[in-house]
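The next block holds one structure in the form of structure tokens; read it before the comments.
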Amino acid sequence: MQIPHDTRRALDVVVALVNTTAETEHSDGLADVNALRTFVHEYAISDVGELSARDLAGVRTVRGKFAQIFATPSSRVAAALINELVATAGTTPQLTNHDGYDWHVHYFAPGASVGDHLAADGGMALAFIVVSGEQERLRRCEAPDCRRAFVDLSRNRSRRYCDSRTCGNRLHVAAYRARRKSGAGSEQEEIVYGGEQQQAPDRT
6 MQIPHDTRRA
16 LDVVVALVNT
26 TAETEHSDGL
36 ADVNALRTFV
46 HEYAISDVGE
56 LSARDLAGVR
66 TVRGKFAQIF
76 ATPSSRVAAA
86 LINELVATAG
96 TTPQLTNHDG
106 YDWHVHYFAP
116 GASVGDHLAA
126 DGGMALAFIV
136 VSGEQERLRR
146 CEAPDCRRAF
156 VDLSRNRSRR
166 YCDSRTCGNR
176 LHVAAYRARR
186 KSGAGSEQEE
196 IVYGGEQQQA
206 PDRT
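Offset between the sequence shown (1-based) and my numbering: plus 5.
What follows is the structure, encoded as structure tokens:
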């Protein structure tokens, strides 16, 4: 799926924000203002001033809306949530090329709070997905002990795990070993890595 670089970056931030919840981590990744400050720095969120408890509450609210968009199979519900986000944020599109980045669009208004910043840019990135008819790409990891969000950008929408090198491989290797142990598999067992099938080598 072809996505503009600024939209892709905004989606990355949306996913990272959703994955700070206690549902996906052992504890809330936005437990306090210092944690929010770390998040803003890690994801290079621009035009952010001094952060406060009010900012933290606002970002948590936006995070909850993003999580609802990932949870709903309904494009109508997703559209309503996105409309609410971008309207509340006072979305104001403008072209910018700051900090070494090429021209891209910011949707947040000048002087916006960090919550409105995330709501505007993240909301419009999610709107791109919904308008493209690709909402099913907004997924949660299918590993039983992982609920991390991700955007499936595979060509055939086949990705099932947040990271095929960890959750995906771990589950498929476990399944392969279980088949061998039960004697149900043949010598030509197939192991699936990251949604692609590879045939195990002959054992001679």
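Where is the CB? At the ideal position from N, CA and C, for every residue including glycine.
query = Are the CB atoms of Val20 and Ala154 nearer to each other than 8 Å?
reply = Between Val20 and Ala154, the gap from beta carbon to beta carbon is short of 8 Å.
key: Collapsed DSSP secondary structure at Leu22 in the structure displayed   = Three-state DSSP puts Leu22 in a helix.
inquiry  = Using CA atoms only, rank isn't needed, just tell me which of Arg145, Arg160 and Ser80 is closest to Cys167.
reply    = The candidate whose alpha carbon is nearest that of Cys167 is Arg145.
ask   = For the region 127-144 against the region 33-43, are there 3 or more C-beta pairs whose distance is under 8 Å?
value = Counting Cβ pairs under 8 Å, fewer than three are found: no touch.
request  = Would you list the residues sitting across from His109 in a DSSP beta bridge?
outcome  = The bridge partners DSSP lists for His109 are Thr101.
Ala94 versus Ala83, Phe113 and Thr77, residue with shortest Cα-Cα distance = Cα-wise, what sits closest to Ala94 is Phe113.
message = To the nearest angstrom, how far is the alpha carbon of Ser118 from that of Ala84?
response = Spanning the two alpha carbons is a distance of roughly 23 Å.
request  = Just the C-alpha distance for Asp157 and Arg142, rounded to the nearest angstrom, thanks.
outcome  = Asp157 and Arg142: Cα-Cα distance of roughly 5 Å.
query = With 16 other CB atoms within 10 Å as the buried threshold, where does Gly127 fall?
reply = It counts as buried.
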